[in-house]
Each structure stands twice: as structure tokens, then as C-alpha cells.
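My numbering applies: residue 698 is where the first sequence begins, and numbers increase by one.
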Amino acid sequence: MALWIYNYLTREREQFEPLQEGYVGMYACGPTVYDHAHLGHAKTYVALDVMVRYLRHLEYDVRYVQNITDVGHLLDSGEDRIIRKARLERVEPMEVAATYERSYFEDMDALGVQRPNIAPRASGHIPEQIQVVETLLEKGYAYETEGGDVYFAVERVEDYGKLSGRDVEDLEAGARVDVRDEKRHPADFALWKHADPEHILRWPSPWGWGYPGWHVECTAMATRYLGETFDIHGGGVDNIFPHNECEIAQSEAATGEPFARYWVLTGSLTVDDVKMSKSLGNFVTIKDALETYSPEAIRFFILSSHYRKPVDYSREAMLGAERGVKRLHNTVRSLRQRKERAAPSGIVDRSEVDKLAPYSERFLEAMNDDFNTPRAIAALFDLNREVNELLNSGKSLGQATWKAIDDVYRELGGRVLGIIPDQLTDEVSGELVEGLMDIILGIRERYRRNKEWQEADALRDRLAKLGIVVDDRPEGPIWRRESGSG
RNA sequence: GGCGGCGUAGCCAAGUGGCAAGGCAGGACUCUGCAAAAGUCCCAUCCGCCGGUUCGAAUCCGGCCGCCGCCUCCA
């Protein structure tokens, strides 16, 4: 089974073959850290996270690089986003960047998004960026203006627009042209911007004091950590133009080599069918979402649609996700409890475990088909039904057999999709709670044996008020903590 | 205006030539003191609309309608 990836560069599904056997270099455009991340960011980074996780499942050694933009990302007004925020909050620009970078990683950690191997900051790679600009000037792909700005000359590149399917001539017609600047072509983009002394975020360069343009950082950092040509470049589609296009143009012009080989772009998150974005104000921060929904539900919601498609955020959809993921968790919880209570046998009952193999295969087939997580999740649910039947069948299997089944969940639902934690929340209650619950349920069992239903039910109701749900199973009562709104 | 994409049940969502996956919600039943969990069954003769190609189309072609993204703020 081979992995196939839809490559935006060729607009075709292609069999994935890394540059170097067994090794994958992957880059993703990270956030500009001037505010808290919202669910739109979550969609992109959860989707990319699952790709990385799956590549690792396939035993590729993945180096995942995701930049942190802390300088150079300009507003329409020409003002740097970070600096603007710093001015509004009366703090150092780097304080803004540090604050929101921390916030970003807190959110990603909470969502189970694995950290990139390297998360380089733009401000920490100014010399590398200057080097790229110098190379481009030397090779004649860029020009310096009298004001001390350096621009990339789009017309010098034959295939400019190849990723987004854009034509330089069309751009001229529709471009929002800034009349004041000294660009030779409206689509030319800044590599280096001059900055006056009152500009608080600036560095010396061969062209005087200034700061790098937004796009250069990705070229500088991607090539530095992954090489001139690397395997996969990911990001949100909304950055396909101009950002990704500019990255390709300047990178390939500077190195003379192809840049990223496979481009994977994620569809946007929408609210009422309109893209969630800072500028529209229709965003929900990840922190806010986590107040209401579990991290697994948020991941489930994102992964239940294919990464290239847009996803519409709604309370209804989120509740559906919450319930769906809970269904998987319920089975896993029962499975693990059964494992704990089973006879410690080291022999795996192959006939039982082999029955589940087709579901794993379907899961992997789906993932191999351009990371088709919705289909993978469907396979997981079919597996779930099979496992529930087994749990209900009353068959007494040895510990090793239950463990083998649990391992399937841990690998596919846990390690690959990140929607099944290694420890469910109520599995980490600690000895004290475990002990107290044993006592309480023991008392309740005595009431039940004596058919004192009112007493038994009252106890169950009081526990429910504390968020503890008790299920009376034929093999004895089990309990779980119910959190969130699901 | 240019480029790209989408429209599948009440909701979410796979499927891209052979008689519509999966989840949520809903209904019936089984188990059960009750509840919960779980299981079984039911829940789109139909895939925006209209034509065409084909033995056969949600899937291909043409037209139409509606919606969205990008076109230098955006993951």
C-alpha cells in the first residue's frame, strides 16, 4: 500500500516518494503571533499534524519545521502587525510575539498537536534572510529602490503563478496597486523594507536599516533546515496567493532548484459559510472553544471532513462530534477495564484479533488515499461495533488479547488521529478517587442486593451531580467522569 | 472581471461509471429493578436543476441556478 497525496502544484494525486528513502522534510507556514489563535488555525494545524503523525506511522523519519512569524507581516496600512499590537498594548514588540507564541503552543498542546521539530522565528533568522535577498539581487531577480526597499521582480520568473494558477498579466489588471511605492510591476513584492529610526523593530542590512518582507522568512528557514529542495510544504489555502507563490518564486530563483515537491493546502474553516478570520471578527479562539468542547471533539470535528475541504463551524456539528468521540471513548474505556479484570494470560487469541484486521486495513487504505480521515474514522466506527459485540458476548479472553485490541485503538485512534487519549480523563483520577469510588459503589451494591432501589438511585443521582456517571453492567458497576457539554 | 472550488437524508460527512460508507439526532426492539452503556432493526428509489453520452451516472459531457475561497490583512 502506497501513500498518495494530492499535490497542489500539479493538481493531481501523486504517489508519495520522498527525496531520500525513509526521510521526509516537511515545512508549514506557521502563525503570525500577534493575537490568540482561533479555530481556523486549529483546522490547519490539526490536519497537518495528522499528516505528520501518519508519515511517522509509516515509519518515515519526519523533520517537521513550522515557522513563527514575529516580524514583517504587514497590514494594508503598511504597518507591521506585531508593532501595531505593541503600540496598542504599550509593550515591546518582542513581548507581543513572545506572549502569543506561548499562547499558540499552549493551544496546540491542548489540542494534541505535536510540536514541530523546529519552530524557527523570523526575527532569529535575519542574517539568513538578508543572504537570500543578496543572492536574489546578485542574480538579477530583485532590485533596490531609492528609498532603501528591495523588491522581487516578478516578471523575471517565467513560471510565476504556477501554484495558484495565476497569470502575471491578469494580476496587473486586478491588483490593488499602492500608488506611492516604487515597484516596477504591481505584483512585485517586498524582500526588504526600509525602516526609519522611530521604527522600533529593525535591523541593519546592506540596504540600510530595515526589516524583511513577510515571504522571505519561509524561504530562508525552509532551505536552511530542510535543504533547497524538500518533500512537503503545507499550509492553509488562503495563503496560496500571494504568500506561497512568492515563496516558490524567490526560493527557486535564489537556489536554482525546485522548492517543495508536494504542496498540501488545507481548506478554510467557515462560520455560516463565511471564512473565520481575524479581520471579519467572526472567530472563536481555541481557548474559548476548549471551555465548551473537549480537545478530542475539536480534533474529531476537524478530521471528520477531508482536509482540503472547507468545514463549517456550528454548535450542532460540534455536539455531533462530541457525541461521536464519546462513543469511541466509551468502548475503549470498557475494553481497558475488561483488560484490567481479565486473567493474566500472555497468549493472544488470534482468531479474535484477526477478525479486526480488515478494519485496520480499511483505515490505512483511507489514510493512504490523500489522508482521507473521514473514511478512516468510519472504519474506526465499524471496528468499534465489532469490539462492542465482543465485549457484550461475555467471552472471557486473556489479558494479552484485550491488550492487542486496545493497541489497535492506541495506534490508529491515538497515535495517528489523536482522538483517543492513552489515558481517558477518568483513568487518571488517582488512587484516592479510585478508593473512594470503590467504597461508594460497594455501599450502593449492598443497597441493590437488598433491593433498596431508592437508596441506590439516590446515590447514583448524587454522583451524577458531581459529573460521575455509573453504569450497572452484568459484570459489575463501572463509572466514568462526564465533562464538557457533550 | 480573472483563477480555483463546492452543492449527497433534519445536522455533519465519505463515495467520482455498476444498483448511496460512517457519525449525530429520531423511531421500534433486546439486555436491565430502573437508568446508562451496548447490540439488532428502521430512517436518501435518491445525490442543486435541466439536457446528453452509456447496457448502466451522484460519479463523464453541456447548460442553468445557488454558495464559497483567492486576486498582496489572513492558517
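Note that CB positions come from ideal geometry on N, CA and C, so glycine has one too.
What is the rounded straight-line gap between the Cα of R1250 and the Cα of D1158? Outside the shown range of the chain, which is 698 to 1183, sits residue 1250, and nothing can be said about it.
T796 versus A783 - alpha carbon distance: Linking T796 to A783 through their CA atoms gives a straight-line distance of about 11 angstroms.
Taking only runs that begin and end inside the stretch 877 to 924, name each unbroken alpha helix (DSSP H) of 4 or more residues, in chain order. Complete alpha helix (DSSP H) runs here, min 4: 913 to 923.
Alpha helix (DSSP H) segment containing T741, residue limits: For T741, the enclosing alpha helix (DSSP H) covers residues 736 to 754.
Just checking my contact of V743 with L808 at CB under 8 angstroms: how many whole Å lie between their CB atoms? Contact holds; Cβ gap of about 6 angstroms.
How far does the beta strand (DSSP E) with F927 in it reach, from first residue to last? Element bounds for F927: 927 to 933.
Would E1058 be called buried (16 or more neighbouring beta carbons within 10 Å of its own) or exposed? Residue environment: E1058 is assigned as exposed (fewer than 16 neighbouring CB atoms within 10 Å of its CB, all protein chains considered).
Please state the DSSP three-state secondary structure of G842. Looking at the sequence provided, one finds Thr at residue 842 rather than Gly. Residue state, collapsed to three classes: coil.
If you follow the beta strand (DSSP E) that F849 is in, where does it begin and where does it stop? From DSSP, the beta strand (DSSP E) with F849 extends over 847 to 849.
According to DSSP, residues forming a beta bridge with E709: Answer by DSSP bridge pairing, in chain order: N704.
M791, DSSP secondary structure in three states: Note: M791 maps to helix in three-state DSSP.
Applying the criterion that 16 or more other CB atoms from any shown protein chain within 10 Å of the CB defines a buried residue, is A720 buried or exposed? Note that residue 720 corresponds to Tyr in the displayed sequence, not to Ala. With fewer than 16 Cβ atoms within 10 Å of its Cβ, Y720 is classed as exposed.
Where does T722 fall in DSSP's three states? A small fix is needed here, since residue 722 is Gly in this sequence, not Thr. Note: G722 maps to strand in three-state DSSP.
Here's a check: name, in chain order, each residue in its chain whose Cβ is nearer than 7 angstroms to the Cβ of L833, leaving out the five neighbours to either side. Within its own chain, the residues whose Cβ lies closer than 7 angstroms to the Cβ of L833, once the five positions on either side in sequence are excluded, are A839, F849, L888, Q947, A950, A951, listed in chain order.
For W906, which residues of its own chain have a beta-carbon under 6 angstroms away from its beta-carbon, when the five flanking residues on both sides are left out? For W906, the CB contacts under 6 angstroms within the same chain, skipping 5 residues up- and downstream, are A892, R899 in chain order.
Taking 8 angstroms as the threshold (C-beta atoms), are L860 and E925 in contact? Contact: no.
From R873 to E789, what does the alpha carbon distance come to, in whole angstroms? Confidence is the limiting factor: at R873 the pLDDT is only 47, short of 50, which leaves the residue's position unreliable, though a coordinate-based value still follows. R873 and E789: Cα-Cα distance of roughly 32 angstroms.
By Cβ distance below 6 angstroms, which residues in the same chain neighbour S1182 in space, the five residues on each side in sequence not counted? Model confidence at S1182 stands at a pLDDT of 39, short of 50, so the residue's coordinates are unreliable; what they give is reported in the following sentence. These residues qualify, in order along the chain: T989.
What are the boundary residues of the alpha helix (DSSP H) that V829 is part of? Residues 823 to 835.
Those runs of the alpha helix (DSSP H) which lie wholly inside the stretch 931 to 985 and span at least 4 residues: Segments of the alpha helix (DSSP H) lying fully in the stretch 931 to 985: 942 to 952.
Keeping to the same chain, check which residues put their C-beta closer than 7 angstroms to that of V1050; ignore five residues upstream and five downstream. Excluding five sequence positions before and after V1050, the CB atoms of its chain that fall closer than 7 angstroms to its own CB belong to T1098, A1101, I1102, given in chain order.
Three-state secondary structure (DSSP) at P1071? If DSSP states are grouped into helix, strand and coil, P1071 belongs with the helices.
Where do the ends of the alpha helix (DSSP H) carrying D767 lie? Segment: none, D767 is in no alpha helix (DSSP H) and carries neither H nor E.
Mapping the DSSP letters down to three states, classify R1170 as helix, strand or coil. In the structure shown, R1170 adopts extended strand secondary structure according to DSSP, grouped into three states.
Cβ shell of V876 (< 7 angstroms), same chain only, five flanking positions each side left out: Confidence in V876 is poor, its pLDDT being 47 and thus under 50, which makes the residue's placement too unreliable to answer from.
Which residues share a DSSP beta bridge with Y1106? None, per the DSSP bridge assignment.
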